[in-house]
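Have a look at the structure below, then the notes.
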Amino acid sequence: MKKLVTLILASAAATLSVPAMAQFAKPEDAIKYRQSSLFVMQQNFARVAAMAAGRVPFDAKVAAESAEVAAYMSKLPWAAFGDGTDKGAPTKAKAEIWTDKAKFNEYAEKMQGDMNKLNAAAKTGNLDSIKAAVGAVGGSCKTCHDAFRS
Ligand code: ASC
500 MKKLVTLILA
510 SAAATLSVPA
520 MAQFAKPEDA
530 IKYRQSSLFV
540 MQQNFARVAA
550 MAAGRVPFDA
560 KVAAESAEVA
570 AYMSKLPWAA
580 FGDGTDKGAP
590 TKAKAEIWTD
600 KAKFNEYAEK
610 MQGDMNKLNA
620 AAKTGNLDSI
630 KAAVGAVGGS
640 CKTCHDAFRS
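For the sequence shown, my numbering assigns the number 500 to the initial residue and increments by one for each residue that follows.
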């Protein structure tokens, strides 16, 4: 029984920690990975934000597809901020990311939550809900950038 519990806990821990401990061959790869995923996320978010701001005509289908991609991409960058990836390629990541991990993780999770809400709002096709959700995501982007991006 004890063995079984240990086994279950060990496999649960492995499942939970694999993405967080994602290993990259070199710091440069981690930096490229997080910048790439943030770029794809931003491109999709900005498309929805432009509709919310009335800069481009609202297209509910495009908004929903873009928000879906943005929400998925928002999960990816964080595994690529491991120790030792503060340098190795040009990066705007501040040292505080690694000295104040609790705050950084809190902001990262807040942004993912807001992005999930935007995804849900975009699925309803309601432009007012999308506008509110875009505002929240924009706020969480900015909060984190102010603290952790130079
Ligand atoms: C974007 C983008 C950001 C955020 C931020 C919102 O489209 O590139 O960094 O939105 O400007 O305040």
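Glycine residues also receive a C-beta, built at the ideal position from the N, C-alpha and C atoms.
Sequence-distant Cβ neighbours of G581 in its own chain, meaning closer than 7 Å and more than five residues away, are A529.
Put simply, of P576, K600 and A592 the residue whose alpha carbon is nearest the alpha carbon of R533 is P576.
Beta-bridge pairing by DSSP links A592 to R648. Its chain contains F557 as the residues whose beta carbon lies nearer than 6 Å to that of L626, once the 5 sequence neighbours on both sides are disregarded; these appear in chain order. Within the same chain, Cβ atoms closer than 6 Å to the Cβ of N615 are found at A570, the five residues on either side in sequence being excluded. Secondary structure at R554: coil, using DSSP grouped into helix, strand and coil.
Sequence-distant Cβ neighbours of A632 in its own chain, meaning closer than 6 Å and more than five residues away, are K616, L617 and A620.
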